[in-house]
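In terms of the UniProt record's numbering, the sequence shown has 83 at position 83, counting the first letter as 1, and numbering is strictly consecutive. C-beta: ideal position from N, C-alpha, C; glycine also. This report concerns only the one structure given below.
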Amino acid sequence: MTSFDTSPQLNVWRALLALAVVFVMLATTGWTALRNQREATPLQASLESWAHGRLHGYPLPDPDTAPAQLTRFFASLTSQERVRLAQRYPLAVGNMNGAPVKLRYQANRLALLQARAVERTRMHDTRLTPSGQQEAGRRMHRFESLTAPERHILAFDPEGSGRVAEVFGDLGTAERISLVVPGVDTNLLTFQRTSRGYSAPVGMAKALYQAEREASPATRTAVIAWADYTAPAGLGIDSATAMRAETGAVRLNALVRALPGSSPVSLFCHSYGSVVCGVAAHTLPDRVADIAVAGSPGMRVANASHLRTTAHVWAMRDADDWIQDVPYMEVGGLGHGADPVSSAFGARVLSARGADGHAGYFEPGTESLLNFAEIGIGAYRSVYCAHEDEACRAGLSGTATAGRA
């Protein structure tokens with residue numbers, strides 16, 4: 001399958017840049033308005049039901065209320081009352097920033113079981129084409145795998161290509177939290193892969209979690225595989241613009257602000273995911289200590305200082321990554337700006353030795369994954385720089401007790 005993350009269809013990309021004026025004209029004549037028309041989704045229906053719900057005769061709080069207020073609301077309830085709300089409004093509670101993390105896990109398991117039943121019925125729906133029935137079967141099996149007792153699903157939306165986020169480790173006790181933001185062609189069906197597993201969000205997050213634990217066994221960490229935004233599908237106008245990144249950035253900011261505790265958060269943003277992180281950077285809370293990008297087409301700025309963040313900005317790119325041939329520019333809204341690994345950009349440039357192309361940054365045994373792990377545990381003095389001048393470590397001190405000397 002052609003993918004912006006795996007296949008270098010660069011001539012098409014250049015053509016899209018050349019047609020910038022045309023697309024800008026289309027946007028001003030209603031093209032974007034047509035794209036934004038959507039019917040109500042199951043998640044929206046659940047939120048609407050919540051909005052009209054009551055508990056002991058009192059209305060439930062607005063689900064868009066600040067996470068801290070929702071946290072206080074849930075804390076005021078008994079365990080039975082919390083479970084009752086999760087059972088009644090599983091999609092709403094499962095995606096509600098401010099709801100207790102473990103309650104979200106329970107609610108999303110219920111929502112996944114309901115979605116699995118829907119797809120099982122669709123598998124035998126004669127109104128669907130054979131390919132439609134096959135697609136329903138694939139979705140049913142994916143939903144079933146996500147309901148396994150050992151899986152902790154922090155967000156889930158079955159609509160369209162779907163959105164999902166999964167946690168590895170304990171968010172409640174973590175001293176450091178890492179969040180993996182993947183790129184194009186990320187959806188429910190590509191959330192986890194059997195082949196090329198470390199190119200999918202689950203494999204990326206699992207590998208990072210294991211590498212962090214090996215780098216510092218004494219540091220309590222948690223890693224989130226965050227595919228809870230609608231990523232562009234393949235190479236096209238969506239992947240060449242910031243439209244998907246802008247909506248994703250809102251969701252990313254909302255999640256980070258709702259994470260429990262005050263532990264530092266590190267973002268690891270791959271390919272188009274780095275566009276999401278770049279757009280979100282200036283809105284993120286100060287607890288975000290690091291924004292690390294790999295295989296980036298750009299972060300929508302000309303210089304790291306323009307991200308307006310207090311986080312350390314890191315960048316890496318494998319020597320064989322085709323993304324380096326994408327035009328690092330922005331014209332009429334198309335393209336994503338300057339090259340994050342260029343000296344002029346101002347990021348701390350890391351070694352990606354062993355990554356082997358665009359999709360290999362989270363492969364175990366690579367310097368790219370080792371660097372991510374050291375950043376994730378705060379052992380900044382242990383990272384490998386891309387150049388021998390050690391500039392990527394300048395002015396930093398490690399905060400973890402373990403790591404490379």
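{"Check": "For Asp-157, the nearest candidate out of Ala-373, Ala-165, Glu-150 (CA to CA)", "Outcome": "Ala-165"}
{"Check": "Ala-215 and Ile-377 closer than 8 Å at C-beta", "Outcome": "yes"}
{"Check": "Enclosing alpha helix (DSSP H) for His-141 [first to last residue]", "Outcome": "130 to 146"}
{"Check": "Buried or exposed (CB count within 10 angstroms, at least 16 for buried), Ala-373", "Outcome": "buried"}
{"Check": "Beta-carbon proximity of Ala-379 to Ser-263, cut-off 8 Å", "Outcome": "no"}
{"Check": "Boundaries of the alpha helix (DSSP H) in which Met-204 is found, first to last residue", "Outcome": "201 to 215"}
{"Check": "Cβ neighbours of Ser-274 in the same chain (closer than 6 Å, five flanking residues each side left out)", "Outcome": "Val-293, Ser-296, Met-299"}
{"Check": "Collapsed DSSP secondary structure at Phe-362 in the structure displayed", "Outcome": "coil"}
{"Check": "Endpoints, beta strand (DSSP E) assigned at Ser-46", "Outcome": "That residue, Ser-46, is in no beta strand (DSSP E); its alpha helix (DSSP H) goes 42 to 51."}
{"Check": "Cβ neighbours of Arg-151 in the same chain (closer than 7 Å, five flanking residues each side left out)", "Outcome": "Glu-166"}
{"Check": "Opposing strand residues paired with Thr-221 [DSSP bridges]", "Outcome": "Arg-176"}
{"Check": "Sequence-distant residues of the same chain with beta carbon closer than 8 Å to Val-301, five excluded per side", "Outcome": "Gly-278, Leu-307, Gly-337, Ala-338"}
{"Check": "Cβ-Cβ separation, Pro-201 to Ala-233 (assumed contact under 8 Å), whole Å", "Outcome": "The Cβ separation is near 15 Å, so there is no contact."}
{"Check": "Outcome for Arg-84 when other beta-carbon atoms lying within 10 angstroms are tallied against a minimum of 16", "Outcome": "exposed"}
{"Check": "Identity of the residue in Pro-217, Val-349, Gly-333 nearest Ala-315 by Cα", "Outcome": "Val-349"}
{"Check": "For Pro-100, three-class secondary structure by DSSP", "Outcome": "coil"}
{"Check": "Whole-angstrom distance between Ser-199 and Glu-390, CA atom to CA atom", "Outcome": "28 Å"}
{"Check": "C-alpha gap between Val-256 and Leu-284, whole angstroms", "Outcome": "7 Å"}
{"Check": "Length of the line joining the Cα atoms of Asn-97 and Ala-258", "Outcome": "5 Å"}
{"Check": "In DSSP terms, what Met-316 is bridged to", "Outcome": "Ala-294"}
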